[in-house]
Structure formats: C-alpha cells, structure tokens
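In this text, residue positions in the sequence shown follow UniProt numbering: the first is 1, and each later residue adds one.
Below is one structure; the comments refer to it alone.
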Amino acid sequence: MKINKIVSEIAQENAYILSNSTFSLLIDPGSQPDKILEKLKEINKPLAAILLTHAHFDHIMGLDTIKEAYPKALVLLHESEKDWLTHPELNASASMMGKPVTCKTIVDEYYSCNTPYNFSGLEFSVQHTPGHSPGGVSFVFEQEGIVFSGDALFSGSIGRTDLIGGNHEQLLHSIKQELFSLPDDYIVYPGHGPNTTIGKEKLYNPFF
Numbered sequence: 001m002k003i004n005k006i007v008s009e010i011a012q013e014n015a016y017i018l019s020n021s022t023f024s025l026l027i028d029p030g031s032q033p034d035k036i037l038e039k040l041k042e043i044n045k046p047l048a049a050i051l052l053t054h055a056h057f058d059h060i061m062g063l064d065t066i067k068e069a070y071p072k073a074l075v076l077l078h079e080s081e082k083d084w085l086t087h088p089e090l091n092a093s094a095s096m097m098g099k100p101v102t103c104k105t106i107v108d109e110y111y112s113c114n115t116p117y118n119f120s121g122l123e124f125s126v127q128h129t130p131g132h133s134p135g136g137v138s139f140v141f142e143q144e145g146i147v148f149s150g151d152a153l154f155s156g157s158i159g160r161t162d163l164i165g166g167n168h169e170q171l172l173h174s175i176k177q178e179l180f181s182l183p184d185d186y187i188v189y190p191g192h193g194p195n196t197t198i199g200k201e202k203l204y205n206p207f208f
C-alpha cells in the first residue's frame with residue numbers, strides 16, 4: 001500500500017490517499033480539493049471510498065468537489081455526526097471561518113466500529129475515538145502497522161476539545177483505550193502535523 005499525504009495551506013490539515021494496484025482510498029477531503037484531485041489523477045486508480053475521520057469544516061470542505069469527480073466513491077462517516085455536513089454551527093465553520101460550510105453529498109454508510117473493512121485489498125478497522133468531536137474515528141491498518149488518528153492524537157499533542165461536542169476527559173480515554181493499546185512501533189498519521197509513533201507519544205506526549 002502506498003500513502004500520499006496532501007497538506008492544505010488553508011487550515012494545515014492532512015488529507016491522505018492510500019492506493020494499491022487496484023483502487024485508492026481518500027481519508028478526509030480537506031480544504032483544497034484541487035490538490036487532491038491532481039494527486040488522484042496522477043495515481044490513476046479508481047477511488048473506492050472517501051473516509052471521514054470527523055466532520056469539522058477543515059476536513060470536509062472538499063467533499064462535494066471530490067464526490068462530483070468520483071461519483072462512485074462511497075462516503076463513510078460516524079453516525080454521531082450525521083447532521084454535521086449540513087450544519088455550520090456543528091462543523092465549526094460558522095465560528096471559525098466566518099462563513100458557512102455545508103455539503104450536499106449524502107453519506108453512503110455509517111461506520112461499524114471494530115469491524116474489518118476491505119476495499120480490494122485495502123484492509124483496516126475503524127476505532128471510535130471521540131473527544132475532539134463526538135464521531136471522531138481512527139483507522140487501523142494492522143498489516144501495515146499504521147493508524148490514521150484524525151484529530152484525536154498528534155505528534156506531541158492532542159485535539160482541541162473546546163468546540164461543540166468536545167470533551168477533554170473523553171478524548172484522553174479514547175487515546176489511552178483505542179490508540180495506546182496498539183504496538184509501540186505503529187506509525188501514526190494524524191489529521192494535522194507530522195507523523196509520529198504510538199511508542200513516542202506514550203513516552204513524550206505531555207498530556208499523558
């Protein structure tokens with residue numbers, strides 16, 4: 001599996017394109033869909049699914065554009081945030097951007113957490129990691145020894161919990177229960193900032 005990371009200059013969020021010889025997956029369509037579409041065109045593999053770690057505005061702004069370009073791609077989200085794509089107060093665009101972000105794209109499927117997913121050989125499980133937002137999830141790729149943590153866990157930090165639905169203690173619990181239980185050598189691909197490892201965060205993250 002190949003991983004391509006696209007960083008937006010607008011909100012510095014990370015989008016990830018995962019691909020094998022057959023298909024690709026997109027984690028968080030972000031705020032600069034043109035950059036993502038350029039990379040998808042370069043990879044030249046059908047987009048099987050768009051996986052949302054959560055539905056804050058900086059992770060969903062490009063959703064409609066990507067879905068329009070790849071109409072067969074499934075869109076997945078945690079059910080706790082089913083209303084957030086169309087609600088600027090919930091997705092924080094109203095308070096943080098000064099203009100509303102809404103998406104017309106319909107979610108195709110709500111995650112079944114702790115259940116294996118397989119998109120043509122791209123295998124992973126979904127772990128519910130709320131606290132930054134109620135429907136925050138992380139994607140664990142056991143064969144590759146990697147986890148995409150969304151805005152739950154960062155290198156040397158954790159997600160903010162002062163937005164609607166945020167809960168500091170819940171986030172700490174999510175990280176300890178769902179992420180720090182992974183092997184120390186797992187590489188963490190977060191929603192913002194550089195990669196890290198589970199072991200490094202257990203040792204040095206100041207929140208633990």
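Heads up, the beta-carbon is just placed ideally off N, CA and C, and yes, glycines get one too.
Name, in chain order, the residues that DSSP records as bridge partners for residue i.
i: Glu123; result: Asn118
i: Glu201; result: Glu201 pairs with nothing; no bridge assigned.
i: Asn14; result: Val7
i: Glu79; result: Beta-bridge pairing links Glu79 to no other residue.
i: Tyr189; result: Phe148
i: Ser138; result: Gln127
i: Lys2; result: Ser19
i: Ser157; result: Phe154
Who are the Cβ neighbours of residue i in its own chain at under 6 angstroms, not counting the five residues just before and after it?
i: Ser19; result: Lys2, Ile43, Lys45
i: Ser93; result: Phe57, Pro100, Val101
i: Gly165; result: Ser133, Pro134
i: Ser149; result: Ser138, Val188, Pro190
i: Gly121; result: Asn20
With residue i as the anchor, note down where its alpha helix (DSSP H) starts and where it stops.
i: Leu63; result: 63-69
i: Leu37; result: 33-43
Considering only residues of the same chain and omitting the five flanking positions on each side of residue i, which have a CB-CB separation below 8 angstroms?
i: Tyr117; result: Glu123, Phe124, Ser125, Val126
i: Ala49; result: Leu25, Leu26, Ala73, Leu74, Val75, Leu76, Phe119
i: His173; result: Gly131
Less than 7 angstroms between C-beta atoms, sequence neighbours within five positions excluded: which residues of the same chain meet that for residue i?
i: Gly193; result: Phe154, Ser155
Where do the N-terminal and C-terminal ends of the beta strand (DSSP E) with residue i fall, by residue?
i: Pro172; result: The sequence shown places Leu at residue 172, not Pro. Not the beta strand (DSSP E): Leu172 falls in the alpha helix (DSSP H), residues 168-174.
i: Ile27; result: 24-27
Touch test, the segment 55-74 against the segment 26-44, Cβ-Cβ under 8 angstroms, three pairs minimum: yes
Length at least 4, wholly inside the segment 88-114: the alpha helix (DSSP H) runs in chain order: 93-96
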